[in-house]
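Q:
Residue numbers (our numbering): -17 to 375.
1) Take residue 266 as the anchor and find which of 173, -14, 315, 193 has the nearest alpha-carbon.
2) Taking CB distances under 8 angstroms as the criterion, tell me whether residue 242 reaches chain C.
3) Can you have a look at residue 68 and say buried or exposed, based on whether 16 or more other CB atoms are within 10 angstroms of its CB?
4) Which partner residues does residue 109 have in the DSSP bridge list?
5) Shortest alpha-carbon distance to residue 245 belongs to which of 183, 172, 260, -4?
6) Can you check DSSP and say which residues form a bridge with residue 139?
7) Name, in chain order, the residues that DSSP records as bridge partners for residue 248.
8) Could you check which residue in 193, 209, 355, 257 has the C-alpha nearest to that of residue 226?
9) If residue 294 sits next to residue 310, beta carbons under 8 angstroms apart, how far is it from one beta carbon to the other, in whole angstroms?
10) Taking only three categories from DSSP, how would you classify residue 1?
11) Under 8 angstroms: do the stretch 343 to 363 and the stretch 200 to 215 share three or more Cβ pairs, one atom per stretch?
12) When you compare each of 349, 138, 178 to residue 291 by their alpha carbons, which one comes out closest?
13) Near residue 238, what residues of its chain come up, given a Cβ to Cβ distance below 6 angstroms and the 5 sequence neighbours on each side ignored?
14) Could you name the residues of the same chain whose beta carbon sits closer than 6 angstroms to that of residue 257, not counting the 5 residues immediately before and after it, in chain order?
15) Does the stretch 128 to 138 touch the stretch 177 to 186, meaning 3 or more C-beta pairs lie closer than 8 angstroms?
16) Contact between the stretch 213 to 223 and the stretch 114 to 123: three or more CB pairs below 8 angstroms?
17) What would DSSP say about residue 57, mapped onto helix, strand or coil?
18) Under the rule that 16 or more other beta-carbon atoms within 10 Å means buried, what is residue 144, buried or exposed?
19) Look up residue 172 in the DSSP assignment and give the residues it is bridged to.
20) Output the distance between the C-alpha atoms of residue 337 and residue 163, rounded to the nearest integer angstrom.
21) Once the 5 residues before and after residue 141 are set aside, which same chain residues still bring their CB inside 7 angstroms of it?
22) How would you write the range of the beta strand (DSSP E) that residue 221 sits in, first residue to last?
23) Where residue 321 and residue 161 are concerned, what is the direct C-alpha to C-alpha distance, given to the nearest angstrom?
24) Measure how close the beta-carbons of residue 102 and residue 8 come, nearest whole angstrom, since I'm counting them as under 8 angstroms.
25) Out of curiosity, what's the CA-to-CA distance linking residue 156 and residue -6?
26) Give me the Cα-Cα distance between residue 46 and residue 89, rounded to the nearest whole angstrom.
27) Which two residues bound the contiguous alpha helix (DSSP H) that contains residue 20?
28) My understanding is that residue 61 touches residue 333, with C-beta atoms under 8 angstroms, so please give their C-beta distance in whole angstroms.
29) Check whether the Cβ atoms of residue 63 and residue 231 lie closer than 8 angstroms to each other.
30) Going straight from the alpha carbon of residue 112 to that of residue 263, what length do you get?
31) Could you check how far apart the C-beta atoms of residue 153 and residue 110 are, in whole angstroms? I think they sit under 8 angstroms.
32) Report yes if the C-beta distance between residue 317 and residue 373 is below 8 angstroms; otherwise report no.
33) Do residue 59 and residue 353 have their CB atoms nearer than 8 angstroms?
34) So, helix, strand or coil for residue 254, using DSSP?
35) Please confirm if the stretch 271 to 278 is in contact with the stretch 349 to 365, defined as three or more CB-CB distances below 8 angstroms between the two stretches.
36) Apply the 10 Å Cβ neighbour rule to residue 215 and answer buried if 16 or more other Cβ atoms are within range, or exposed otherwise.
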């Protein structure tokens, strides 16, 4: 097989890159290790920045999102048992959209297949070759056991944190930055009415809690827990009891219970690896960076990465210039580190750290008090949450 861009991974990064390339006349093939039902069923992030919403709308992918997504004009910080609203529209003129990452994935897969796009699901033993040459290739084995080779001009590694692309870059040129947090999130999906129409980020003495949603009938709820927590130790009754305890406060918000349809534990980490390019191999999305979900930046960073990469590839093919490809990693990294800073700050602001003493706990509460009482501080939070402008605009 032959294509211009070989893409490894059918998550949001790989799928959107393929779609964007198609719109500018560049061919691609996507290789994905899992089957289609698994890819479309992975429950991940659900908050889309204004810029991400604009990208999906501008490229013809926003119809179902606009029908079924929940437009949020702000969010709530909760501490000492009281809510404090942050009005995004008032502070920035922008909003965010609550629409599950797996729904975005479904939409792009459907569009790519409708456009005749090539997605090879259940591709096993994927390997990249010749990335330091101008004729790289990818090999894999299909579900029938047949071996394949894909020749291409470039390879996009969109295969996530545990993929094969990042390790293909020599360790001697990689620089890795990592922070592993001493807690995780126990997350559930439940058939119950959300506490309110917008997210609540809750600082509590028992640990952080997030009261979110996927629809007016489905809640997405999180509890701070140990990073290696055994989900078997959290029966439904215990989860609901803990959620009620952490929501308890002066305003007596009502948390409706319902059947829990999914539960999992996610460890928290910040991770950056650069450069995001080596030869003809380019990394995008979780293959190059992970953020704690507190700042709602994971999928949004992936969208920014592939938006930049598409523009760089278009410039290469249409103007015979590799300048933007050469600057791809540096351009992405500037946005990545700003998102890392914001995600780290939100995580530090809202979570319980066992190693902190009483003084540090009071300072944390004082900072929350300052944020909600200062328009400048609220504006800073809102600007980062709704998404910073793309640098090439």
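Just so it is clear, CB atoms sit at the ideal spot from N, CA and C, and this is done for glycine as well. Bear in mind the structure is a predicted one, so any value in this text is a computation, not a measurement.
A: Well, looking at it:
1) Nearest option by C-alpha distance: 315.
2) In the displayed structure, chain C is absent; only one protein chain is listed.
3) buried
4) 121
5) 172
6) Residue 139 is bridged to -10, 265.
7) 167
8) Comparing Cα-Cα distances from residue 226 to each of 193, 209, 355, 257, the minimum goes to 193.
9) Going by Cβ atoms, the distance from residue 294 to residue 310 rounds to 5 angstroms, so yes, they are a contact pair.
10) Under the three-state reduction of DSSP, residue 1 is assigned to helix.
11) no
12) 138
13) 174, 175
14) 311
15) Contact fails between the stretch 177 to 186 and the stretch 128 to 138, because fewer than three Cβ pairs, one in each stretch, are under 8 angstroms apart.
16) no
17) Look at residue 57 here: in three-state DSSP terms it is strand.
18) By the neighbour-count rule (16 or more Cβ atoms within 10 Å), residue 144 is not buried but exposed.
19) 201, 242
20) 12 angstroms
21) Here the set comprises -10, -9, 147, 269.
22) Premise fails: residue 221 lies in the alpha helix (DSSP H), 218 to 229, not in any beta strand (DSSP E).
23) Rounded to the nearest whole angstrom, the C-alpha separation of residue 321 and residue 161 is 14 angstroms.
24) So it is not a contact: roughly 18 angstroms between Cβ atoms.
25) Using only the alpha carbons, I get a separation of about 24 angstroms.
26) 8 angstroms
27) Judged by DSSP secondary structure, residue 20 falls within the alpha helix (DSSP H) whose first and last residues are 18 to 23.
28) About 12 angstroms; that fails the 8 angstroms criterion.
29) Yes, they are a contact pair.
30) Spanning the alpha carbons of residue 112 and residue 263 requires a straight line of approximately 9 angstroms.
31) At roughly 16 angstroms, the Cβ-Cβ gap does not stay under 8 angstroms, so residue 153 and residue 110 are not in contact.
32) yes
33) yes
34) Here residue 254 carries a strand assignment [DSSP, helix/strand/coil].
35) no
36) exposed
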